[in-house]
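Below is one structure; the comments refer to it alone.
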């Protein structure tokens with residue numbers, strides 16, 4: 235029952251897994267996790283699926299990370315990134331990305347190259363807008379924007395209405411007008427808001 239709510243996503247990933255290297259969510263939970271680039275570089279690069287660099291006092295992400303062609307889970311939360319590490323955009327098989335509690339305020343357009351991404355956690359960053367081509371993230375299922383500075387959303391987010399199931403916008407100063415607009419763009423998405431404000435209007 236743990237993954238029942240992910241059934242549509244599971245079916246989608248299952249079809250991809252038959253022909254490729256993508257792991258299902260329950261497999262990502264149990265696969266070996268590496269917590270340093272040094273340890274990962276000593277292993278078979280094709281067997282690196284999960285990196286957890288959370289709370290490592292990082293300011294840059296090692297370029298060697300691109301050697302891990304099957305990397306599908308990356309956590310760089312609670313570090314000191316002042317700019318989103320664009321090297322992440324080269325990780326084509328990435329499915330889950332945690333970048334919360336960092337200092338950067340924008341996302342590069344290239345993040346939308348991550349076609350397999352289904353979970354993106356940006357909570358407690360200074361991000362104030364989403365990429366204009368957000369609609370290219372066709373598999374995006376969960377988007378965590380808790381405590382960010384997002385004020386509005388690009389119209390083309392509506393093209394994710396069939397796949398994007400959860401957005402967390404708590405502790406985000408979004409006025410009621412924008413809340414109503416977002417709900418109309420994403421009628422099938424569960425969106426968590428804090429109390430609306432009159433900011434900007």
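In the working numbering, the protein residues as written are 235 to 435.
For every residue, glycine included, the Cβ atom is placed at its ideal position computed from N, Cα and C.
Quiz item: Are the CB atoms of residue 326 and residue 313 nearer to each other than 9 Å?
Solution: Result no, Cβ atoms of residue 326 and residue 313 do not sit closer than 9 Å.
Closest to residue 372 by C-alpha separation, out of 270, 392 and 380, would be which residue? Comparing Cα-Cα distances from residue 372 to each of 270, 392 and 380, the minimum goes to 392.
ask   = Does the Cβ of residue 306 have 16 or more other Cβ atoms within 10 Å, making it buried, or fewer, making it exposed?
value = A residue is called buried when at least 16 other Cβ atoms come within 10 angstroms of its Cβ; residue 306 meets this threshold and is buried.
Check your understanding: Which value, in whole angstroms, describes the spacing of the CA atoms of residue 270 and residue 316?
Key -> In a straight line, the C-alpha of residue 270 is about 20 Å away from that of residue 316.
Assuming the contact rule is C-beta atoms closer than 8 Å, residue 352 and residue 379 should be a hit. Round their C-beta distance to whole Å, please. Not confirmed; about 16 Å, so no contact.
Which residues bound the alpha helix (DSSP H) around residue 376? Run containing residue 376: none in the alpha helix (DSSP H); it sits in the beta strand (DSSP E), 376 to 378.
Using the Cα positions of residue 421 and residue 279, report the straight-line distance between them to the nearest angstrom.
Going by C-alpha positions, residue 421 is about 41 Å away from residue 279.
**Prompt:** Which residue comes first and which comes last in the beta strand (DSSP E) that contains residue 425?
**Reply:** Segment 424 to 427, the beta strand (DSSP E) holding residue 425.
**residue 275: first and last residue of the uninterrupted alpha helix (DSSP H) it sits in** = Taken as a continuous stretch (DSSP letters only), the alpha helix (DSSP H) holding residue 275 covers 271 to 275.
Query raised in the report: For residue 268, which residues of its own chain have a beta-carbon under 6 Å away from its beta-carbon, when the five flanking residues on both sides are left out?
Result: Short of 6 Å from the beta carbon of residue 268, and not among the five residues preceding or following it, lie these beta carbons of its own chain, in chain order: 274 and 285.
Euclidean distance between Cα positions of residue 396 and residue 318:
Note on geometry: alpha-carbon atoms of residue 396 and residue 318 lie some 28 Å from one another.
Under 9 Å between C-beta atoms of residue 299 and residue 323:
No, the Cβ-Cβ distance between residue 299 and residue 323 is not below 9 Å.
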